[in-house]
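J.: This is the structure I want to talk about, given as structure tokens.
Residue numbers (this note's numbering): 1287 to 1776.
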């Protein structure tokens, strides 16, 4: 069967950017910016995007375009005979499923709040009412189930039409609308009375404040956010590389997508001036979206429209990521079992709905289950598995595969990604790609475990760090085998 391709270069960029532009951009970035000192954090974040995010994305795109398969079959296509790189494909497969097990729930929240905002539920509401509304939603299992199933049906419905007629067409519309809505909201935010202090906080670096927070904390926060914002590590980008033609070099495409992703994150951060205008702490954490923001719009003239637009913006950001990962999951079955798109779409829809239910129930009927300690939920566990494990481990696998002699190899990697027109990937950074970048990924991975379990005590921390090292050893071990050709040479 002939591999589908994108109808245009713009389609590829917008679809890939739609995958990268997710809830992390418009949910996590603003509150992390608030917690870590504003503009100083942003500068460091941009540096790590350049030296970490873009190189890993180029690796994913390269493996996808060269193999013409999803992660389910990409390694088998490119690896030397006798090596074990293909074992790491399960990081991508499992990662996509686990991501959708909770991302569908959060996407459902966005849709629900969009409807509530446009219907005027928050108009004139006080802070207690808004906070209670979020708690009531979490406790209502039928309501949560409905919105989760709805966004799954819509998302897989788009994928059923294929790349050009479904995903590309919808992503072009949604990304264009997302950017326009974002610009309107940002302008509205900075025009608010009292927003000046927030604009200064957001745009003018204050390194003294950075020192007070802790330079190491700010640097690691920026490094982590830069790494996770691009959805790299589980094949979510690889799949779109597999649909690309070879007329453009991949470095330039990765830069374009990263710039677009960053613009969305930076524009979303302009919610900070609105927080200052109403005396609200911009580092409020995840509650910034579902409690703090509705409270702001409840006090703003025309808040019904502005709030509705904001949650429509969030819904589009969540939906573009959902559709991208749904496409990856559909492609797994097509590559592994030879199924048609129609059959794979139907089976995947049913499976994802079923797998999403533990997360939905984790806030109500299973609220007593705290897998990661007091106050944690099933969503926290699923997020931990993806964000703290599969994303960094998967990214490490791609980088090693593209640089090691017993993998795809540096020369083959360069030959593939430098085909076509555009910016050439610098061959002179082989040393950094082979040793420096893997080291940074390992630091992020181990530091994530340390931060998660250090508050639970030394025994718990040591136990989980041993688990982390075992997982790390597994990935590195898969990269240590020799190919049959090398054995013969010996």
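Where is the CB? At the ideal position from N, CA and C, for every residue including glycine.
Does the separation of the CB atoms of residue 1318 and residue 1507 fall below 7 Å?
T.: Locating residue 1318 in the chain shown gives position 32, counting from the first residue. Locating residue 1507 in the chain shown gives position 221, counting from the first residue. For residue 1318 and residue 1507, yes; Cβs fall inside 7 Å.
J.: Please report how far the alpha carbon of residue 1433 lies from the alpha carbon of residue 1398, in whole angstroms.
T.: Within the chain shown, numbered from 1, the residue matching residue 1433 stands at position 147. Within the chain shown, numbered from 1, the residue matching residue 1398 stands at position 112. Near 7 Å, if we compare the C-alpha coordinates of residue 1398 and residue 1433.
J.: Going by beta-carbon coordinates alone, are residue 1510 and residue 1306 separated by less than 7 Å?
T.: Here the question's residue 1510 lines up with position 224 in the chain shown. Here the question's residue 1306 lines up with position 20 in the chain shown. No, these two residues do not count as a Cβ contact at 7 Å.
J.: Between which residues of its own chain and residue 1613 is the CB-CB distance below 7 Å, once the five residues before and five after are set aside?
T.: Numbered from its first residue, the chain shown carries residue 1613 at position 327. Closer than 7 Å at the Cβ level, and outside the excluded window around residue 1613, lie 1445, 1453 and 1525.
J.: Taking the continuous alpha helix (DSSP H) assigned at residue 1766, which residues delimit it?
T.: Taking the first residue of the chain shown as position 1, residue 1766 is located at position 480. Run containing residue 1766: none; DSSP gives neither H nor E here.
J.: Taking the beta carbon of residue 1493 as the centre, do at least 16 other beta carbons fall within 10 Å, making it buried, or is it exposed?
T.: As a first step, residue 1493 is located in the chain shown; it is residue number 207 there, counting from the start. Burial call: exposed.
J.: In the DSSP output, what is residue 1707 paired with across the bridge?
T.: Taking the chain shown and counting its residues from 1, the one referred to as residue 1707 is at position 421. Beta-bridge pairing links residue 1707 to 1534.
J.: How far does the alpha helix (DSSP H) with residue 1614 in it extend, from its first residue to its last?
T.: Working through the chain shown from its first residue, we reach residue 1614 at position 328. Per DSSP, residue 1614 belongs to the alpha helix (DSSP H) from 1589-1623.
J.: Put residue 1336 into one of helix, strand or coil per three-state DSSP.
T.: Start at 1 with the first residue of the chain shown, and residue 1336 comes out as number 50. In the structure shown, residue 1336 sits in a helix (DSSP, three-state: H, G or I).
J.: May I ask which residues mark the beginning and end of the alpha helix (DSSP H) holding residue 1729?
T.: By 1-based counting over the chain shown, the position of residue 1729 is 443. Per DSSP, residue 1729 belongs to the alpha helix (DSSP H) from 1723-1739.
J.: In the DSSP assignment, the alpha helix (DSSP H) including residue 1383 goes from what residue to what residue?
T.: Within the chain shown, the letter at position 97 stands for residue 1383. Element bounds for residue 1383: 1375-1404.
J.: From what residue to what residue does the alpha helix (DSSP H) around residue 1661 run?
T.: Against the chain shown, residue 1661 aligns to sequence position 375. Neither: residue 1661 is in no alpha helix (DSSP H) and is coded neither H nor E.
J.: Considering only the beta carbon of each residue, do residue 1681 and residue 1727 sit closer than 7 Å?
T.: Residue mapping note: residue 1681 aligns to position 395 of the chain shown, counting from 1. Residue mapping note: residue 1727 aligns to position 441 of the chain shown, counting from 1. For residue 1681 and residue 1727, yes; Cβs fall inside 7 Å.
J.: Kindly indicate which three-state DSSP category residue 1474 falls into: helix, strand or coil?
T.: Position 188 of the chain shown holds residue 1474. Helix, per DSSP.
J.: Determine, using beta carbons only, whether residue 1333 and residue 1537 come nearer to each other than 7 Å.
T.: Taking the chain shown and counting its residues from 1, one reaches residue 1333 at position 47. Taking the chain shown and counting its residues from 1, one reaches residue 1537 at position 251. No, the pair does not count as a contact, with Cβ atoms beyond the cut-off.
J.: When the Cα of residue 1555 is compared with those of 1375, 1531 and 1469, which residue comes out closest?
T.: Counted from its first residue, the chain shown places residue 1555 at position 269. Checking every option, the nearest Cα to that of residue 1555 belongs to 1469.
J.: With three or more C-beta pairs closer than 8 Å as the rule, is the segment 1689-1698 touching the segment 1655-1672?
T.: Put simply, the segment 1655-1672 does not touch the segment 1689-1698. Fewer than three CB pairs are less than 8 Å apart.
J.: Just reading off the alpha helix (DSSP H) that residue 1633 is part of, what are its end residues?
T.: Stepping through the chain shown from its first residue, residue 1633 is reached at position 347. First-last of the alpha helix (DSSP H) with residue 1633: 1627-1647.
J.: Taking 7 Å as the threshold (C-beta atoms), are residue 1388 and residue 1665 in contact?
T.: By one-based count along the chain shown, residue 1665 stands at place 379. By one-based count along the chain shown, residue 1388 stands at place 102. The answer is yes: Cβ separation under 7 Å.
J.: Between which two residues does the alpha helix (DSSP H) harbouring residue 1301 extend?
T.: For the purposes of this step, residue 1301 is taken as residue 15 along the chain shown, with counting starting at 1. That run of the alpha helix (DSSP H) goes 1295-1306.
J.: Can you grab the Cα-Cα spacing for the pair residue 1532 / residue 1705, in whole Å?
T.: Here residue 1532 refers to the residue found at position 246 when the chain shown is read from its first residue. Here residue 1705 refers to the residue found at position 419 when the chain shown is read from its first residue. Distance between the alpha carbons of residue 1532 and residue 1705 is about 6 Å.
J.: So, is residue 1740 buried or exposed, given that buried needs 16 or more other C-beta atoms within 10 angstroms?
T.: As a first step, residue 1740 is located in the chain shown; it is residue number 454 there, counting from the start. So residue 1740 ends up on the exposed side.
J.: Do we get a CB-CB distance below 7 Å when we pair residue 1504 with the residues of chain C?
T.: Reference to chain C is not applicable here, since this structure consists of a single protein chain.
J.: Does DSSP put residue 1652 in a helix, in a strand, or in coil?
T.: Taking the first residue of the chain shown as position 1, residue 1652 is located at position 366. Secondary structure at residue 1652: coil, using DSSP grouped into helix, strand and coil.
J.: Along the alpha helix (DSSP H) that carries residue 1681, what are the first and last residues, could you check?
T.: Within the chain shown, the letter at position 395 stands for residue 1681. From DSSP, the alpha helix (DSSP H) with residue 1681 extends over 1677-1689.
J.: Out of 1529, 1715, 1629 and 1735, which one is the CA nearest neighbour of residue 1295?
T.: Position 9 of the chain shown holds residue 1295. Among 1529, 1715, 1629 and 1735, the Cα nearest to that of residue 1295 belongs to 1529.
J.: The alpha helix (DSSP H) spanning residue 1428 covers which residue range?
T.: As a working note, residue 1428 is residue 142 in the chain shown. Here the alpha helix (DSSP H) through residue 1428 covers 1427-1446.
J.: With H, G and I counted as helix, E and B as strand and the rest as coil, what does DSSP make of residue 1329?
T.: Within the chain shown, numbered from 1, the residue matching residue 1329 stands at position 43. It is helical.
J.: In whole angstroms, what is the alpha-carbon distance linking residue 1367 and residue 1695?
T.: Counting from 1 along the chain shown, the entry for residue 1367 is found at position 81. Counting from 1 along the chain shown, the entry for residue 1695 is found at position 409. Distance between the alpha carbons of residue 1367 and residue 1695 is about 13 Å.
J.: What do you reckon, are the CB atoms on residue 1685 and residue 1724 nearer than 7 Å?
T.: Position 399 of the chain shown, counting from 1, holds the residue named residue 1685. Position 438 of the chain shown, counting from 1, holds the residue named residue 1724. In contact: residue 1685 and residue 1724 (Cβ atoms closer than 7 Å).
J.: Leaving out the 5 sequence neighbours to the left and right, which residues in its chain are closer than 8 Å to residue 1541 when beta-carbon positions are compared?
T.: If you number the chain shown from 1, residue 1541 lands on position 255. Closer than 8 Å at the Cβ level, and outside the excluded window around residue 1541, lie 1340 and 1709.
J.: Terminal residues of the continuous alpha helix (DSSP H) containing residue 1363?
T.: For the purposes of this step, residue 1363 is taken as residue 77 along the chain shown, with counting starting at 1. Here the alpha helix (DSSP H) through residue 1363 covers 1357-1364.
J.: Given 8 Å as the limit, is there contact between the segment 1627-1636 and the segment 1369-1378, that is, 3 or more CB pairs closer than that?
T.: no
J.: Pick helix, strand or coil for residue 1694, following the three-state DSSP scheme.
T.: For the purposes of this step, residue 1694 is taken as the residue at position 408 of the chain shown. In the displayed model, residue 1694 falls within coil according to three-state DSSP, outside both helix and strand.
J.: What did DSSP end up calling residue 1580 once you bin it into helix, strand or coil?
T.: In the chain shown, counting from the first residue as 1, residue 1580 sits at position 294. It is helical.
J.: So, using beta-carbon positions, are residue 1392 and residue 1499 closer together than 7 Å?
T.: Along the chain shown, read from residue 1 onward, the residue named residue 1392 stands at position 106. Along the chain shown, read from residue 1 onward, the residue named residue 1499 stands at position 213. Contact: no.
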